[in-house]
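Student: Chains as they are written, first to last, in UniProt numbering: chain A, 1 to 306; chain B, 1 to 290.
C-beta: ideal position from N, C-alpha, C; glycine also.
Values in this document were obtained by computation on a predicted structure and should not be read as measured data.
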């Protein structure tokens with residue numbers, strides 16, 4: 001349960017610390033209702049998933065305790081391996097592109113210009129839009145014969161693309177939607193960082209005769225690094241979690257060409273009703289996300305020190 | 001004061017310098033245009049598709065401006081697809097899930113901020129970053145067993161997974177930012193902890209509560225996967241209902257776009273109206289978090 005973060009640094013302060021802890025404990029009642037909800041809808045499902053992952057359990061038939069068998073099966077399952085690789089590929093693209101674009105956009109929106117507020121509001125609209133609605137519009141735009149995107153390509157002299165209808169292009173195409181959808185969040189996080197930067201180093205750089213690029217490279221970028229890392233953490237986790245748009249647009253197809261871990265998990269659980277096996281996928285996926293978050297947090301600590 | 005000096009200064013600058021600055025501005029303007037045009041164009045195309053006949057929607061080359069615009073697609077959406085029932089389901093789910101989250105989440109945010117309970121805060125953060133899909137297997141099994149799958153209750157409960165962490169998280173950062181002196185004064189005057197919270201801290205945190213409400217509502221409204229798995233025929237929320245239109249009417253683009261636009265319109269309007277609060281909430285949670 002919630003604990004007081006006061007540390008018992010000095011023996012002399014022990015009594016005082018105990019009093020502070022006592023004082024803090026009086027606030028515990030404020031947390032009780034939310035703690036009950038969190039236990040019921042968050043912690044219980046975690047524990048139950050871990051429990052179910054020990055069963056060979058198809059919905060509708062008898063369940064059988066198999067211990068770690070599901071995990072052994074999982075690591076031998078080529079379909080899961082491919083899903084993992086696809087997730088990695090998708091995540092890499094869906095992190096790098098929004099980070100670069102988001103940084104550029106934040107630098108633009110940090111400058112003053114007429115109608116800046118309006119432009120920024122329009123820029124963040126995609127992020128708040130309902131993913132399913134957005135995915136449906138993109139599906140129509142990707143249509144190989146009638147879609148507006150192929151018309152645009154032919155107008156500038158490029159050959160039409162198969163977009164999500166070809167195994168070769170489906171993942172980069174889905175990343176386009178992800179970039180469109182989530183670059184605004186990266187922009188906002190970095191823009192918040194830019195607004196909090198001190199002005200003195202820039203004046204010093206100016207006096208030293210630094211060019212705009214040098215000021216950016218040697219002043220802005222190092223000062224901004226902690227915010228960039230936070231944006232990176234959030235973006236990486238969101239990219240790993242991507243489900244709605246992929247499911248609506250391709251449902252993992254064509255064939256299994258866009259079947260990421262999330263889609264694999266969904267199909268195992270709610271199309272094949274293979275709940276024991278799917279629970280093992282959840283546990284592995286959860287571990288991956290936690291490991292990634294820990295790694296990135298560790299990076300953040302290092303960035304802060306240097 | 002020094003207006004004269006700054007006013008005359010640019011006139012003395014050489015022509016090439018002014019030209020370069022002018023070109024720089026033009027380039028910058030084009031960059032901003034390039035940044036916002038994908039957002040604008042996708043939404044405009046959605047609107048255009050929803051206002052055209054099926055003939056125009058499948059024309060090659062594409063017809064961009066609806067001529068004449070027709071509301072037939074919207075009429076069809078309302079007439080055929082139980083759209084109003086699903087809209088009502090969405091409203092009930094999002095409002096209830098947000099309301100319950102505020103009820104438990106605002107005091108919790110206060111308590112965690114006061115206790116500096118970093119472990120509880122970390123737990124909330126973990127809950128926020130785990131994929132929604134990972135909560136669904138236990139919930140699906142449980143609600144089937146309880147035979148509640150034909151009601152909205154499972155969907156509301158599942159949506160608490162999204163709304164409670166958002167509310168708690170935003171409220172922690174807001175209550176941490178408040179000065180504690182006023183509540184301490186109230187406590188010295190003999191108020192109980194609850195009274196100090198209810199009548200001193202909570203009114204001060206009203207902007208934070210607004211932010212938490214807006215974000216929780218939007219994320220609940222936009223959620224797809226929970227209702228996708230837990231909803232029956234009568235209990236679908238709008239995103240699920242609209243997705244089902246795609247699977248059954250492959251090429252009816254007009255009604256599909258009209259429905260998609262109707263689903264996302266409340267959220268877009270809310271974003272336009274409360275842009276400042278949304279930005280504050282997302283960046284406070286993001287930058288302070290992790």
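Would you mind sorting residue 159 of chain B into buried or exposed? The rule is 16 or more other CB atoms within 10 Å of its CB.
Tutor: Result: buried.
Student: Given residue 288 of chain A, which residues of its chain have a CB within under 6 Å of its CB, disregarding the five upstream and five downstream residues?
Tutor: There are no such residues.
Student: Apply the 10 Å Cβ neighbour rule to residue 294 of chain A and answer buried if 16 or more other Cβ atoms are within range, or exposed otherwise.
Tutor: Answer is exposed; the Cβ neighbour count stays below 16.
Student: Check the DSSP bridge columns for residue 55 of chain A and list the partner residues they point to.
Tutor: The partner list for residue 55 of chain A (beta bridge, DSSP) reads A:65.
Student: Would you kindly check if the distance between the Cβ of residue 246 of chain B and the Cβ of residue 191 of chain A is under 8 Å?
Tutor: No, they are not a contact pair.
Student: Could you check the C-alpha separation between residue 277 of chain A and residue 77 of chain A for me, to the nearest Å?
Tutor: Each residue's alpha carbon lies about 11 Å from the other.
Student: Residue 168 of chain B to residue 177 of chain A, Cα distance in whole Å?
Tutor: So the two alpha carbons sit approximately 30 Å from each other.
Student: Excluding five sequence neighbours on each side, which residues of the same chain lie with their C-beta closer than 7 Å to the C-beta of residue 260 of chain B?
Tutor: Around residue 260 of chain B: 46, 242.
Student: For the alpha helix (DSSP H) that contains residue 184 of chain B, what are its first and last residues?
Tutor: It spans 181-188 - the alpha helix (DSSP H) in which residue 184 of chain B sits, taken as one unbroken run.
Student: Would you verify that the beta carbon of residue 362 of chain B is, or is not, closer than 8 Å to some beta carbon of chain A?
Tutor: In the structure as shown, chain B starts at 1 and stops at 290, and residue 362 of chain B therefore has no counterpart that could be examined.
Student: Any idea what DSSP makes of residue 274 of chain A, helix, strand or coil?
Tutor: Correct three-state label for residue 274 of chain A: strand.
Student: According to the Cβ coordinates, are residue 238 of chain B and residue 74 of chain B closer than 8 Å?
Tutor: It is not a contact, given that the beta carbons lie outside the stated cut-off.
Student: Taking 8 Å as the threshold (beta carbon to beta carbon), is residue 90 of chain B in contact with chain A?
Tutor: By this cut-off, residue 90 of chain B is not an interface position.
Student: Can you find a C-beta in chain B that's less than 8 Å from the C-beta of residue 262 of chain A?
Tutor: So yes, residue 262 of chain A belongs to the interface.
Student: I'd like to know whether the C-beta of residue 73 of chain B is nearer than 8 Å to at least one C-beta of chain A.
Tutor: So, not an interface residue.
Student: Within 8 Å (strictly less), CB to CB, does residue 84 of chain A reach chain B?
Tutor: No, residue 84 of chain A lies away from the interface with chain B (no Cβ there is under 8 Å from its Cβ).
Student: State the Cα-Cα distance for the pair residue 91 of chain B and residue 221 of chain B, rounded to the nearest angstrom.
Tutor: If I take the Cα positions, the gap works out to 8 Å.
Student: Going along chain B in order, which residues have a C-beta closer than 9 Å to the C-beta of residue 180 of chain A?
Tutor: Neighbours of residue 180 of chain A on chain B, chain order: 38, 39, 42.
Student: Against chain B, does residue 286 of chain A count as a neighbour if the rule is that its beta carbon must be under 8 Å from one of theirs?
Tutor: Residue 286 of chain A counts as touching chain B.
Student: Please list the residues of the region 106-117 of chain B that have a C-beta atom closer than 7 Å to any C-beta atom in chain A, keeping them in chain order.
Tutor: Residues 107, 108, 110, 111, 112, 114, 115, 116, 117.
Student: For chain A, check one thing: does any of its Cβ atoms lie closer than 8 Å to the Cβ of residue 178 of chain B?
Tutor: With 8 Å as the cut-off, residue 178 of chain B does not count as an interface residue toward chain A.
Student: I'd like the list of long-range same chain contacts for residue 213 of chain B, defined as Cβ closer than 7 Å, with 5 residues on each side in sequence excluded.
Tutor: Within the same chain, residue 213 of chain B has close Cβ partners 98, 102.
Student: When you compare the CB positions of residue 235 of chain A and residue 99 of chain A, do they come within less than 8 Å of one another, or not?
Tutor: It is a contact, given that the beta carbons lie within the stated cut-off.
Student: From the DSSP output, in three-state form, read off residue 223 of chain B for me.
Tutor: Coil at residue 223 of chain B, not helix or strand.
Student: Kindly indicate which three-state DSSP category residue 276 of chain B falls into: helix, strand or coil?
Tutor: It is helical.
Student: Tell me whether the beta-carbon of residue 105 of chain A lies closer than 8 Å to the beta-carbon of residue 220 of chain A.
Tutor: No, they are not a contact pair.
Student: Using a C-beta cutoff of 8 Å, does residue 246 of chain B count as contacting chain A?
Tutor: For residue 246 of chain B, the answer is yes, since a Cβ of chain A falls inside 8 Å of its Cβ.
Student: For chain B, is any of its Cβ atoms less than 8 Å away from the one on residue 241 of chain A?
Tutor: Yes, residue 241 of chain A lies at the interface with chain B (some Cβ there is under 8 Å from its Cβ).
Student: Distance check for residue 244 of chain A and residue 131 of chain A, CA to CA, integer angstroms please.
Tutor: Rounded to whole angstroms, residue 131 of chain A to residue 244 of chain A spans 6 Å at the Cα level.
Student: Could you pull out every unbroken alpha helix (DSSP H) segment of at least 4 residues lying fully inside the region 92-145 of chain A, listed in chain order?
Tutor: Listed in chain order, the complete alpha helix (DSSP H) runs (minimum 4 residues) inside the region 92-145 of chain A are 116-128, 131-141.
Student: What do you reckon, are the CB atoms on residue 30 of chain A and residue 108 of chain B nearer than 8 Å?
Tutor: In contact: residue 30 of chain A and residue 108 of chain B (Cβ atoms closer than 8 Å).
Student: Determine whether the Cβ of residue 197 of chain B lies closer than 8 Å to any Cβ atom of chain A.
Tutor: Answer yes: the Cβ-Cβ gap between residue 197 of chain B and chain A drops below 8 Å somewhere.
Student: Mind checking whether residue 226 of chain B and residue 132 of chain B have CB atoms under 8 Å apart?
Tutor: In contact: residue 226 of chain B and residue 132 of chain B (Cβ atoms closer than 8 Å).
Student: Report yes if the CB atom of residue 219 of chain B is closer than 8 Å to the CB atom of residue 162 of chain B, and no otherwise.
Tutor: Their beta carbons are under 8 Å apart, which means residue 219 of chain B touches residue 162 of chain B by this criterion.
Student: Does the structure place the region 168-186 of chain B close enough to the region 53-67 of chain B that three or more beta carbon pairs sit under 8 Å?
Tutor: No: the two stretches stay apart, fewer than three of their Cβ pairs being nearer than 8 Å.
Student: For residue 95 of chain A and residue 89 of chain A, I'd like the C-alpha separation in whole angstroms.
Tutor: Whole-angstrom Cα-Cα distance: 10 Å.
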